[in-house]
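Colleague: One structure, pasted below without further comment.
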Amino acid sequence: MNVNKLFSRRWAQWKEQLQKQTKSKFFREGLPFILFVVIGSFGLKEICSIRYEFKTTVETVQVPISEEEYQERNKHEKELVESYKKIDYEKWRNKRIWRESDEGKKFS
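Just so we're aligned: the sequence shown equals residues 0 to 107 in numbering that gives the first Met the number 0.
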C-alpha cells in the first residue's frame, strides 16, 4: 500500500509538470519543427538512395573505323590548327565596334 501512495504522488507531480510543459511555446512549435527536420532528413536519404539504385548505366562501345573515316573526322581540326598558325599575333590590335551610343566619339 505504501508503494501505491508513493507512485500516485509521483504520478500527480509528473502529470502537473507535463501539463506545464505542454503549454510552453517550445513544446507547441519548436519540438514539432525539430522532429519534422530530423525525420524529414531520414526520409530524403531514403528517397535519394532510390535514385542511385535504379540509375541506368550506359556502356559505350567503340566501333572500329577505317583510316579514311578517321581522316575525314579530323579534317576540320587540322584546318583549325593551320588557321591559328597563320594568324600574326604581333600585329594584332583590339578594335572597338561602333555602337549607336558612341555617336560623336572618335576611336583610333
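Glycine included, each C-beta is placed from N, C-alpha and C at the ideal position.
Note that this is a predicted model, so its numbers are computed, not measured.
Indicate, with yes or no, if the ligand PLP has a heavy atom lying under 7 Å from the CB of lysine 22.
Modeller: This structure simply doesn't include the ligand PLP, nor any ligand for that matter.
Colleague: So what does DSSP say about threonine 21, is it helix, strand or coil?
Modeller: Residue state, collapsed to three classes: helix.
Colleague: Mapping DSSP to helix, strand and coil, what is glutamine 61?
Modeller: Reduced to three states, the DSSP call for glutamine 61 is coil.
Colleague: Does DSSP put isoleucine 86 in a helix, a strand or coil?
Modeller: DSSP places isoleucine 86 in coil when its eight states are reduced to three.
Colleague: Alpha carbon to alpha carbon, what distance is there between isoleucine 46 and valine 57?
Modeller: Distance between the alpha carbons of valine 57 and isoleucine 46 is about 23 Å.
Colleague: Look at the alpha carbon of glutamate 15 and the alpha carbon of valine 36, and state the distance between them as a whole number of angstroms.
Modeller: Spanning the two alpha carbons is a distance of roughly 29 Å.
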